[in-house]
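Engineer: Going down the list, the sequences are from chains A and B.
Going left to right, the first sequence walks through residues 63 to 185 as our numbering numbers them.
Going left to right, the second sequence walks through residues 67 to 450 as our numbering numbers them.
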Amino acid sequence: MRDIFRRVFLLQSAGRGAEARLTEDTELAAAAARARAASGAGIEADERFRAVVDEERARVAGAVALAEVLAPMLSERLIALVPARAPAAACVPRKPGAGAAVEARGIADYIDEMLAHERAASR
Amino acid sequence: MSTLTLEKPPAPAPAPSAAPAAGAPRPPAAKASSLIIGLDLGTNKSCILAGAPGSTDITVSKVVPTVAGYVKDGIVDGIIAGNVRILFGEDALRQRLHVELVAPLAQGVIARPEAARDFMQHVRLLADPSGRAEIRAVVGVPANAGEQAREAVRRAAQGIFARILLIPEPFLAALGFRDDSRVKQSGYVDPVVNSLFIDIGAGTSDLCLVQGYFPTREDQISIPFAGDAIDSIIHEELNRTYPNNGLSRMSVREIKEAHAYVGPSRKPLDVKVVIGGKGRTLELGDAVGNACNTLIDKIYPALTALIGSASSDSVVALLQNIIVTGGGSQIRGIDTVLQKRLADDGYESPKVRLAGQDFQRYVALGALKAARAARDNQWQVLLE
Numbered sequence: 063m064r065d066i067f068r069r070v071f072l073l074q075s076a077g078r079g080a081e082a083r084l085t086e087d088t089e090l091a092a093a094a095a096r097a098r099a100a101s102g103a104g105i106e107a108d109e110r111f112r113a114v115v116d117e118e119r120a121r122v123a124g125a126v127a128l129a130e131v132l133a134p135m136l137s138e139r140l141i142a143l144v145p146a147r148a149p150a151a152a153c154v155p156r157k158p159g160a161g162a163a164v165e166a167r168g169i170a171d172y173i174d175e176m177l178a179h180e181r182a183a184s185r
Numbered sequence: 067m068s069t070l071t072l073e074k075p076p077a078p079a080p081a082p083s084a085a086p087a088a089g090a091p092r093p094p095a096a097k098a099s100s101l102i103i104g105l106d107l108g109t110n111k112s113c114i115l116a117g118a119p120g121s122t123d124i125t126v127s128k129v130v131p132t133v134a135g136y137v138k139d140g141i142v143d144g145i146i147a148g149n150v151r152i153l154f155g156e157d158a159l160r161q162r163l164h165v166e167l168v169a170p171l172a173q174g175v176i177a178r179p180e181a182a183r184d185f186m187q188h189v190r191l192l193a194d195p196s197g198r199a200e201i202r203a204v205v206g207v208p209a210n211a212g213e214q215a216r217e218a219v220r221r222a223a224q225g226i227f228a229r230i231l232l233i234p235e236p237f238l239a240a241l242g243f244r245d246d247s248r249v250k251q252s253g254y255v256d257p258v259v260n261s262l263f264i265d266i267g268a269g270t271s272d273l274c275l276v277q278g279y280f281p282t283r284e285d286q287i288s289i290p291f292a293g294d295a296i297d298s299i300i301h302e303e304l305n306r307t308y309p310n311n312g313l314s315r316m317s318v319r320e321i322k323e324a325h326a327y328v329g330p331s332r333k334p335l336d337v338k339v340v341i342g343g344k345g346r347t348l349e350l351g352d353a354v355g356n357a358c359n360t361l362i363d364k365i366y367p368a369l370t371a372l373i374g375s376a377s378s379d380s381v382v383a384l385l386q387n388i389i390v391t392g393g394g395s396q397i398r399g400i401d402t403v404l405q406k407r408l409a410d411d412g413y414e415s416p417k418v419r420l421a422g423q424d425f426q427r428y429v430a431l432g433a434l435k436a437a438r439a440a441r442d443n444q445w446q447v448l449l450e
């Protein structure tokens, strides 16, 4: 159940409230019902439940805060490692000339392009 | 990033995550083998190819009707083999009297999530009867499938496949159609380098410009008009011309599969059917021809739009390499009618050809090739 809580909090922190609510109403509700059925209703069970919620909320908040600090640091370091001729903008997918020399490119390179397109589209 | 997946950096393979049934307890811990699946999840038919990673062997090759049959209440014990509650594919169709047939997909995307999940479970069982292998699957999705449609596939596969990668179907068709043994031969026209694929399925017709790079959204057009829409037009026309004919949609589909054509009217096209237990001959030349020609009218503007978007350096060679695949490639005359229409409109020596008898397998074959080539960090891990 903890992983579902985490997912809900992650979605909430990403501003994806509708998906968070959906997960809460379906998967989380089902998991909570199962857990309650297994451990029985009562104050003690409710407290345990609340403790799990608080703990997972705190973990996600911590992870988000860490990511906020870590991301700029990593990006700074990575940019420093990339040679000047390959600026950061190069990661945005571009359309090569038709019939480009594909001999040197494998299927995995196409998949990389696809994933880059998807990331660019989701920004 | 999706609701249910994380793109993960290279990491050791996770513990086996597949369970024999959703929500069922996991099998006892055992060293999991790995299996790669290429899946063409089609509206009417799905193709499943599977094999071990790091090998070129295909150990499982199946084309299955994409349908789940939920056994109706009150069916007497023994009518359904094994007294199972759900049947799939041909088994479900054979028992159509005793099951509620549910098509998990409509127009190329998941429309019935529960049935899709059950069907995915069936796919897994076909590929890995032991239920123990860690499975990575590349699944074809319609060109320009939106995030919601993709997410529905991921949800259906959650807990069934360990990792997944969704790739547009027309590109997979090009990969599957490519003859890898001839790629380096002079004179071989590599479809991945410069081609235009027209993949006509049951739910959607997908057109895709494949020019040596991964097709962008602008290179792909998906039209929600394909085999099912043709069935629907034929059925309506039949009901108008022959009221109370009692033919089911499935019978209409069988008629279409046997007689579909495009181009000038082919009358008389006499089709023998059984209505109310009596044999009757229906003349269906116009009904079938008009419905199938509607498909041409729908896809031709998309075809010319994609040709128009190709660079001037590549367009002449591109016109020589227009390939029709999917179930729609079985419509008689579809290649010649499209080719003639292009030529009549002044396109330079166009050549439209059919993918051939393996049309049902190309997307899955491309998916299997992609699965074998994908790097560890390209897979999406399905969280449980």
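Glycine included, C-beta positions come from ideal geometry on N, C-alpha and C.
Small disclaimer: the values here were computed from a predicted structure and weren't measured.
Taking only three categories from DSSP, how would you classify Q446 (chain B)?
Structural biologist: Position 380 of the second sequence, counting from 1, holds the residue named residue 446 (chain B). In the structure shown, Q446 (chain B) sits in a strand (DSSP, three-state: E or B).
Engineer: Please say whether V418 (chain B) and I388 (chain B) have beta carbons closer to each other than 8 angstroms?
Structural biologist: Walking along the second sequence from the start, residue 388 (chain B) turns up at place 322. Walking along the second sequence from the start, residue 418 (chain B) turns up at place 352. The answer is yes: Cβ separation under 8 angstroms.
Engineer: For E175 (chain A), count neighbouring C-beta atoms within 10 Å of its own C-beta (all shown protein chains included) and say buried if the count is 16 or more, exposed if not.
Structural biologist: The residue you call residue 175 (chain A) lines up with position 113 of the first sequence. The residue in question, E175 (chain A), is buried, as its Cβ has 16 or more Cβ neighbours within 10 Å.
Engineer: Helix, strand or coil for G399 (chain B), going by three-state DSSP, please let me know.
Structural biologist: Taking the second sequence and counting its residues from 1, one reaches residue 399 (chain B) at position 333. Of the three classes helix, strand and coil, the one that applies to G399 (chain B) here is coil, per DSSP.
Engineer: Quick one: complete alpha helix (DSSP H) runs, 4+ long, within the stretch 363-419 of chain B?
Structural biologist: Runs of the alpha helix (DSSP H) inside the stretch 363-419 of chain B: 381-385 and 400-410.
Engineer: Note down, one range per segment and in chain order, each beta strand (DSSP E) of at least 3 residues found wholly within the stretch 117-169 of chain B.
Structural biologist: Counting only runs of 3 or more, we get 126-131, 134-137, 152-154 and 165-168.
Engineer: Is the Cβ of F227 (chain B) closer than 8 angstroms to any Cβ of chain A?
Structural biologist: Locating residue 227 (chain B) in the second sequence gives position 161, counting from the first residue. So, not an interface residue.
Engineer: What residues in its chain sit with their C-beta under 7 angstroms from that of R244 (chain B), if we drop five residues either side in the sequence?
Structural biologist: One-based indexing of the second sequence puts residue 244 (chain B) at position 178. Excluding sequence neighbours, R244 (chain B) sits near D256, P257 and V258.
Engineer: Indicate the three-state DSSP secondary structure (helix, strand or coil) for I105 (chain A) in the structure shown.
Structural biologist: In the first sequence, residue 105 (chain A) corresponds to position 43, counting from 1. Reduced to three states, the DSSP call for I105 (chain A) is helix.
Engineer: If you check the beta carbons only, do V133 (chain B) and A172 (chain B) fall under 8 angstroms apart?
Structural biologist: Within the second sequence, the letter at position 67 stands for residue 133 (chain B). Within the second sequence, the letter at position 106 stands for residue 172 (chain B). Contact: no.
Engineer: Measuring alpha carbon to alpha carbon, tell me which residue in B:G278, B:V142 and B:I400 is nearest S380 (chain B).
Structural biologist: Against the second sequence, residue 380 (chain B) aligns to sequence position 314. Residue B:G278 is the option with its Cα nearest to S380 (chain B).
Engineer: So with CB distances below 8 angstroms, who are the chain B contacts of E118 (chain A)?
Structural biologist: Taking the first residue of the first sequence as position 1, residue 118 (chain A) is located at position 56. The contacting residues do not exist; E118 (chain A) stays about 14 angstroms from chain B at best.
Engineer: Less than 8 angstroms between CB atoms is the rule here; does E175 (chain A) satisfy it with respect to chain B?
Structural biologist: Mapped onto the first sequence, residue 175 (chain A) falls at position 113. Taking Cβ atoms only, chain B reaches closer than 8 angstroms to E175 (chain A), which makes this a yes.
Engineer: Using 8 angstroms as the threshold, is the C-beta distance between A430 (chain B) and C113 (chain B) below it?
Structural biologist: In the second sequence, residue 430 (chain B) corresponds to position 364, counting from 1. In the second sequence, residue 113 (chain B) corresponds to position 47, counting from 1. Yes, Cβ-Cβ distance for A430 (chain B) and C113 (chain B) is below 8 angstroms.
Engineer: Could you name each continuous beta strand (DSSP E) segment of 3 residues or more that falls completely within the stretch 244-272 of chain B, going from the start of the chain to the end?
Structural biologist: Qualifying beta strand (DSSP E) stretches, in chain order: 261-266.
Engineer: Tell me which residue opens and which closes the alpha helix (DSSP H) that K333 (chain B) is part of.
Structural biologist: Numbered from 1 along the second sequence, position 267 holds the residue referred to as residue 333 (chain B). Here K333 (chain B) belongs to no alpha helix (DSSP H), and DSSP marks it neither H nor E.
Engineer: Between the alpha carbons of A215 (chain B) and E284 (chain B), how many angstroms are there, rounded?
Structural biologist: Locating residue 215 (chain B) in the second sequence gives position 149, where the first residue counts as 1. Locating residue 284 (chain B) in the second sequence gives position 218, where the first residue counts as 1. The straight-line gap from Cα to Cα measures roughly 19 angstroms.
Engineer: Are the CB atoms of L241 (chain B) and A436 (chain B) within a distance shorter than 8 angstroms?
Structural biologist: Counting from 1 along the second sequence, the entry for residue 436 (chain B) is found at position 370. Counting from 1 along the second sequence, the entry for residue 241 (chain B) is found at position 175. Taking 8 angstroms as the Cβ cut-off, A436 (chain B) and L241 (chain B) qualify as a contacting pair.
Engineer: Which residues mark the beginning and the end of the alpha helix (DSSP H) in which Q74 (chain A) is found?
Structural biologist: Mapped onto the first sequence, residue 74 (chain A) falls at position 12. Segment R64 to S75, the alpha helix (DSSP H) holding Q74 (chain A).
Engineer: To which residues of the same chain is D184 (chain B) closer than 7 angstroms at the C-beta, ignoring the five residues directly before and after it?
Structural biologist: For the purposes of this step, residue 184 (chain B) is identified with residue 118 of the second sequence, where counting begins at 1. Answer for D184 (chain B): A134 and I152, listed in chain order.
Engineer: When the Cα atoms are used, what is the spatial distance from A100 (chain A) to A107 (chain A)?
Structural biologist: In the first sequence, residue 100 (chain A) corresponds to position 38, counting from 1. In the first sequence, residue 107 (chain A) corresponds to position 45, counting from 1. Cα-Cα distance, rounded: 10 angstroms.
Engineer: What is the residue span of the beta strand (DSSP E) that V204 (chain B) lies within?
Structural biologist: Here the question's residue 204 (chain B) lines up with position 138 in the second sequence. It spans E200 to V207 - the beta strand (DSSP E) in which V204 (chain B) sits, taken as one unbroken run.
Engineer: With a threshold of 8 angstroms between beta-carbons, can Q187 (chain B) be considered close to chain A, or not?
Structural biologist: The residue given as residue 187 (chain B) occupies position 121 in the second sequence. Q187 (chain B) does not count as touching chain A.
Engineer: Could you give the uninterrupted runs of the alpha helix (DSSP H) lying entirely in the stretch 281-358 of chain B, keeping only those of 4 residues or more?
Structural biologist: Qualifying alpha helix (DSSP H) stretches, in chain order: 293-307 and 315-325.
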